[in-house]
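Trainee: Under the numbering used here, the residue at position 167 of the sequence shown is numbered 1113, and the numbers go up by one with no gaps.
Every residue gets a Cβ at the ideal spot worked out from N, C-alpha and C, and that includes glycine.
Since this is a predicted model, take the numbers as computed values, not measurements.
The structure follows.
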Amino acid sequence: MTAMATSTDLSQQALHTELSRMAALVESQLAGAISAFERREIAAAENLIEGDRRIDEFDRDIETRVMALLATGSLNETELREVMSVMKLTGELERVGDLAKNVAKRTLAISQQNPASPTTGVARMGRASLRQFSDILDAYSARNLTAARAVWGGDDEVDELYNSVFQEIIMEMMRDPGQINACTHLVFIAKNFERVGDHATNIAEVIHFLMTGEPLVEERPKGDETASTMLEPPVNSTKSQ
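Laid out in structure tokens, this is it:
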């Protein structure tokens, strides 16, 4: 029994080590995607796209480790909750990695075109989503429920940025039809950053479950209003009266 317990403890430690490495890589990928987008660095964007394969490898490895731990049947309630939380967190991290890869792909596209004026706002939104993601990773590492709830309650800040950026992009498309292609990519990049915020709040809910054993049942703050956004086309001041 002692040997089995020791083996299980070591397996759980290895699981958490892999999760920490995966989280650090995803955070690095997201930061790199934002930087490549701001600087229009094609080589950096290509490296980020290739780097997503390593995230997928972490995802598969952690899933295998989780299944092996569950198969032992030796986990108590607290350990079981810990292992299941790792599995949930891995899924959220993998999706954020995909979002970073998507930003890098669209960076390749817009780097071939003239800059659209809303680029600055989109980059600002990216940095905000990175701060939110970094904060929730820190909250998980420290098992800080207060910090996790702060991230969960602050998601509307990223949504508000998205609303503003979305309107700016649409106005630019109406003002200059030649920017429609570039602006379309910007819309998708901004949406990717908004989704990073959603995954950060999902992680906050996992932390709440991990530390309390209960789901976070409060209504999540949500401020994305783009589905109902209606904008009037700009008035052509040169049009004859």
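1) Compute the Euclidean distance between the alpha carbons of isoleucine 1001 and phenylalanine 1079, then round it to the nearest angstrom.
2) Report the residue from Thr1053, Ile980 and Arg986 whose alpha carbon sits nearest the alpha carbon of alanine 1234.
3) With distances taken Cα to Cα, identify the nearest neighbour of glycine 1124 among Gln1059, Leu1162 and Glu1103.
4) Taking only runs that begin and end inside the segment 1080–1138, name each unbroken alpha helix (DSSP H) of 4 or more residues, in chain order.
5) Once you ignore the five residues that flank leucine 961 on each side, which residues in its own chain have a CB closer than 8 Å to its CB?
6) Can you give me the C-alpha to C-alpha distance between glutamate 1165 and alanine 970, rounded to a whole angstrom?
7) Nearest CA to the CA of serine 966: which residue from Ala1136, Ala1085 and Leu1021?
8) Roughly how far, in whole angstroms, is the beta-carbon of glutamate 1140 from the beta-carbon of valine 1104, given that I think they are within contact range, below 8 Å?
9) In its own chain, which residues sit with a C-beta less than 7 Å from the C-beta of alanine 1069, not counting the 5 before and 5 after it?
10) Tell me which residues share the same chain as arginine 1047 and place their Cβ nearer than 6 Å to its Cβ, disregarding the 5 neighbours each side in the sequence.
11) On a Cα-Cα basis, can you pick out the residue from Leu1076, Lys1137, Gln958 and Asp1101 that is closest to leucine 1021?
12) Is threonine 963 near the ligand FAD, judged by its Cβ being under 7 Å from some heavy atom?
13) Give the secondary structure of alanine 1014 by DSSP, where H, G and I count as helix, E and B as strand, and everything else as coil.
14) Out of Glu1023, Lys1051, Asp955 and Gly1037, state which residue places its alpha-carbon closest to the alpha-carbon of alanine 989.
15) Going by other Cβ atoms of all chains shown within 10 Å of its Cβ, with 16 needed for buried, is glutamate 1040 buried or exposed?
16) Grab me the residues of histidine 1198's own chain with a C-beta within less than 7 Å of its C-beta, minus the 5 sequence neighbours each way, in chain order.
17) Is it right to say alanine 1128 is buried, meaning 16 or more other beta carbons lie within 10 angstroms of its own, or is it exposed?
18) Looking only at C-alpha atoms, which of Thr1065, Ala1062, Gly1159 and Leu1083 sits nearest to valine 1142?
19) With a floor of 3 residues, list each beta strand (DSSP E) that falls wholly inside the segment 1003–1065, ordered by position along the chain.
20) Alpha carbon to alpha carbon, what distance is there between isoleucine 1115 and glutamate 1160?
21) If you measure between the beta carbons of isoleucine 1126 and methionine 1119, is that distance less than 8 Å?
22) Are alanine 1146 and valine 1097 closer than 8 Å when you measure CB to CB?
23) For glutamate 1003, does the count of other Cβ atoms within 10 angstroms reach 16, so buried, or fall short, so exposed?
24) Take aspartate 1005 and list the residues in its own chain whose beta-carbon comes closer than 7 Å to its own, dropping the five residues that flank it on each side.
Mentor: Per the coordinate set shown:
1) Near 16 Å, if we compare the C-alpha coordinates of phenylalanine 1079 and isoleucine 1001.
2) Coverage of the chain is limited to positions 947 through 1187, which leaves residue 1234 absent and any answer about it impossible.
3) Closest by alpha carbon: Gln1059.
4) 1091–1099 and 1101–1121
5) Ile1008, Arg1011, Val1012, Leu1015, Val1029 and Val1032
6) Approximately 30 Å between the Cα atoms of the pair.
7) Ala1085
8) 6 Å
9) Ile980, Phe983 and Glu984
10) The residue asked about is misnamed: residue 1047 is lysine in this sequence, not arginine. Excluding positions up to five away in sequence, the list reads Ile995 and Asp998.
11) Comparing C-alpha distances from leucine 1021 to each of Leu1076, Lys1137, Gln958 and Asp1101 shows the shortest one belongs to Gln958.
12) Ligands displayed in this structure: none; no statement on the ligand FAD is therefore possible.
13) helix
14) Of Glu1023, Lys1051, Asp955 and Gly1037, the smallest CA-CA separation from alanine 989 is found for Lys1051.
15) buried
16) In the structure displayed, the chain extends from 947 to 1187; residue 1198 sits before or after that span and is not available.
17) Burial state of alanine 1128 is buried, judged by a 10 Å Cβ sphere holding 16 or more other Cβ atoms.
18) Leu1083
19) none
20) C-alpha separation (whole angstroms): 41 Å.
21) yes
22) yes
23) exposed
24) Thr1036 and Glu1040
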